[in-house]
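Enquirer: There's a structure below that I have some questions on.
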Amino acid sequence: MFTSVLMIEKALTSADVEFVTTLHGEEQVSFHVLLQPRGDQADRLLRAIDDVALGELDEAAREGETPEGEEAQGFGERALEVSLRALHAAGSEAEGRLVEDHPLDALKSLVGEVGADEVIVLTDPHYVEEFFHRDWASRARHKVGVPVLKLFSHSKA
459 MFTSVLMIEK ALTSADVEFV TTLHGEEQVS FHVLLQPRGD QADRLLRAID
509 DVALGELDEA AREGETPEGE EAQGFGERAL EVSLRALHAA GSEAEGRLVE
559 DHPLDALKSL VGEVGADEVI VLTDPHYVEE FFHRDWASRA RHKVGVPVLK
609 LFSHSKA
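For the sequence shown, the working numbering assigns the number 459 to the initial residue and increments by one for each residue that follows.
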């Protein structure tokens, strides 16, 4: 069985589930999902800049309404639960956990713990972080020791 660590920042949509579960054709895949709830004020600014770059001005104006920190914990738990249920419904083995601090350290640890064959980072575009190679996928490539695939979420959750 192929083992993938799937790093996400929000609940998987049905299109996302179909995408990640069909990446390896008929080969059975076991997913270990890491979800990090929203971050701090700096993350809010970067998200707003990304929204503006995408022409989503209404989204940029609403970034301040997005739960963050401890308030985001409950949202993260529900998003993880929804994502795991969707992966199970698609016929995949899946387990997961929330990441509170240092997502790349948690990722590296999990990759070693489960003997992962790959890491899949599935996020919305983050143009500022990507430009400076500070996004999860770019940084993980230098840290985890297995192939890292970066995918963009298909739609808003």
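Beta carbons: idealized from backbone N, C-alpha and C, even for Gly.
Could you spell out where the alpha helix (DSSP H) holding GLY570 opens and where it closes?
Expert: On the sequence shown, position 112 is the one that residue 570 refers to. Segment 561-572, the alpha helix (DSSP H) holding GLY570.
Enquirer: Rounding to the nearest angstrom, what Cα-Cα distance links LYS468 and LEU542 in this structure?
Expert: As a position in the sequence shown, residue 468 is number 10, starting the count at 1. As a position in the sequence shown, residue 542 is number 84, starting the count at 1. Using only the alpha carbons, I get a separation of about 12 Å.
Enquirer: Helix, strand or coil: which one does DSSP assign to SER472?
Expert: Within the sequence shown, the letter at position 14 stands for residue 472. Helix, per DSSP.
Enquirer: Look at the Cβ atom of PRO546, then the Cβ atom of ALA552, and state whether they are nearer than 8 Å.
Expert: Translated into the one-based positions of the sequence shown, residue 546 becomes position 88. Translated into the one-based positions of the sequence shown, residue 552 becomes position 94. This sequence places His at residue 546; Pro is not what is there. Against a cut-off of 8 Å, the Cβ pair of ALA552 and HIS546 comes out as a contact.
Enquirer: How many Å lie between ALA598 and LEU609 at the Cα?
Expert: By one-based count along the sequence shown, residue 598 stands at place 140. By one-based count along the sequence shown, residue 609 stands at place 151. Computed Cα separation, rounded: 14 Å.
Enquirer: Measure the C-alpha to C-alpha separation of SER472 and SER550 and round it to an integer number of angstroms.
Expert: Counting from one through the sequence shown, the residue named residue 472 turns up at place 14. Counting from one through the sequence shown, the residue named residue 550 turns up at place 92. Roughly 14 Å between the two C-alpha positions.
Enquirer: Would VAL572 and ALA564 qualify as a contact pair, given that the criterion is a beta-carbon distance under 8 Å?
Expert: Within the sequence shown, numbered from 1, the residue matching residue 572 stands at position 114. Within the sequence shown, numbered from 1, the residue matching residue 564 stands at position 106. No, they are not a contact pair.
Enquirer: For THR479, name the three-state secondary structure that DSSP assigns.
Expert: The sequence position of residue 479 within the sequence shown is 21, counting from 1. Looking at THR479 - three-state DSSP - the assignment turns out to be helix.
Enquirer: Three-state secondary structure (DSSP) at ALA552?
Expert: The sequence position of residue 552 within the sequence shown is 94, counting from 1. Looking at ALA552 - three-state DSSP - the assignment turns out to be strand.
Enquirer: Assign SER641 to buried or exposed, taking buried as 16 or more other Cβ atoms, counted over all protein chains shown, within 10 Å of its Cβ.
Expert: Because the chain is modelled from 459 through 615, residue 641 falls outside the range shown and cannot be assessed.
Enquirer: Note down, in chain order, each residue of its chain lying with its Cβ closer than 6 Å to the Cβ of ALA544, except the 5 sequence neighbours on either side.
Expert: Counting from one through the sequence shown, the residue named residue 544 turns up at place 86. Only LEU470, VAL475 meet the Cβ criterion.
Enquirer: Using three-state DSSP, classify SER596 as helix, strand or coil.
Expert: In the sequence shown, residue 596 corresponds to position 138, counting from 1. The DSSP-derived three-state label of SER596 is helix.
Enquirer: Whose C-beta lies closer than 6 Å to the C-beta of PRO605 among residues of the same chain, with five residues either side of it excluded?
Expert: To locate residue 605, count along the sequence shown from 1; it is residue 147. Counting only Cβ-Cβ distances below 6 Å, and skipping sequence neighbours, we find GLU576.
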